[in-house]
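**Student:**
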Amino acid sequence: MNVLISAERIQERVQSLAAEIHRDHPHGLHLVCVLKGAFVFLADLVRHLSTDATLDFIALSSYGASSSSSGQVQLIKDLDVGIEGRDVLIVEDIVDTGLTLTYLQDILRARAPRSLRTACLLNKPSRRKVEVKVDYVGFTIDDKFVVGYGLDHDGLYRTLPYIALIGD
Numbered sequence: 073m074n075v076l077i078s079a080e081r082i083q084e085r086v087q088s089l090a091a092e093i094h095r096d097h098p099h100g101l102h103l104v105c106v107l108k109g110a111f112v113f114l115a116d117l118v119r120h121l122s123t124d125a126t127l128d129f130i131a132l133s134s135y136g137a138s139s140s141s142s143g144q145v146q147l148i149k150d151l152d153v154g155i156e157g158r159d160v161l162i163v164e165d166i167v168d169t170g171l172t173l174t175y176l177q178d179i180l181r182a183r184a185p186r187s188l189r190t191a192c193l194l195n196k197p198s199r200r201k202v203e204v205k206v207d208y209v210g211f212t213i214d215d216k217f218v219v220g221y222g223l224d225h226d227g228l229y230r231t232l233p234y235i236a237l238i239g240d
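Numbering of the sequence shown is given in this note's numbering, commencing with residue 73 and proceeding in unit increments.
1. With distances taken from CA atoms, which of Asp159, Tyr229, Leu147 and Val219 is nearest Val106?
2. Relative to the alpha-carbon of Gln83, which residue among Asp116, Pro98 and Leu194 has its alpha-carbon at the smallest distance?
3. For the region 158-178 against the region 186-195, do three or more pairs of beta-carbon atoms, one drawn from each stretch, fall closer than 8 angstroms, so that the two count as touching?
4. According to DSSP, simplified to helix, strand and coil, what is Val118?
5. Across the region 175-188 and the region 208-218, are there enough close Cβ pairs to call them in contact, namely three or more that are closer than 8 angstroms?
6. If you drop the 5 nearest sequence neighbours on each side, which residues of the same chain put their C-beta closer than 6 angstroms to that of Val112?
7. Exposed or buried, Leu228, counting other C-beta atoms within 10 Å across all chains shown (16 or more means buried)?
8. Quick check on Lys196: buried or exposed, where buried means 16 or more other Cβ atoms within 10 Å of its Cβ?
9. Beta-carbon separation of Val219 and Leu232 under 8 angstroms?
10. Just how far apart, CA to CA, sit His97 and Leu161?
11. Could you say which of Asp226, Arg81, Ala91 and Val104 lies nearest to Ile155 if we only look at CA atoms?
12. Could you pull out every unbroken alpha helix (DSSP H) segment of at least 4 residues lying fully inside the region 119-207, listed in chain order?
13. For the alpha helix (DSSP H) that contains Ile238, what are its first and last residues?
14. If you draw a straight line from the C-alpha of Lys205 to the C-alpha of Leu89, how long is it?
15. For the putative contact between Val202 and Gly170, defined by C-beta atoms under 8 angstroms, what is the C-beta separation to the nearest angstrom?
Structure follows, in structure tokens:
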């Protein structure tokens, strides 16, 4: 595997993102982690936040065991608590086609949060099928399949501390 983004660069960027998020939400925030891929990003991000934060988890699927999105999004696990009137930040691992994130943003907007923003570790704008707003972006990458730092391929490689190219 070829390392695309080192563990050190990831940690520096996550710390910077936490500072940006704190600047925009100094009075607290409810973070919604998109499972499973964003759990490592969430863990590091929340440790760097210097604002009060509560957490919840949601699971969606558009990949299955494939390395490309099916375009069909399924809600697998819903939130445990309501978000009405709260400042909510979706924490996502990667945004490529935009279909999954658009679906999630629509679901959560319908639940009347005070504000809804999104942070993603990786952004692949060349793969967009729908335009979707991402407020905080860790890294913009080319259209390559990547693993590590929570991202997997068929359940493997999530534990890598860096982002690596697979198949290249």
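Note that CB positions come from ideal geometry on N, CA and C, so glycine has one too.
**Tutor:** Taking the geometry as given:
1. Leu147
2. Asp116
3. yes
4. helix
5. no
6. Tyr221 and Gly222
7. exposed
8. buried
9. yes
10. 10 angstroms
11. Val104
12. 171-181
13. Per DSSP, Ile238 belongs to no alpha helix (DSSP H) and is neither H nor E.
14. 16 angstroms
15. 4 angstroms
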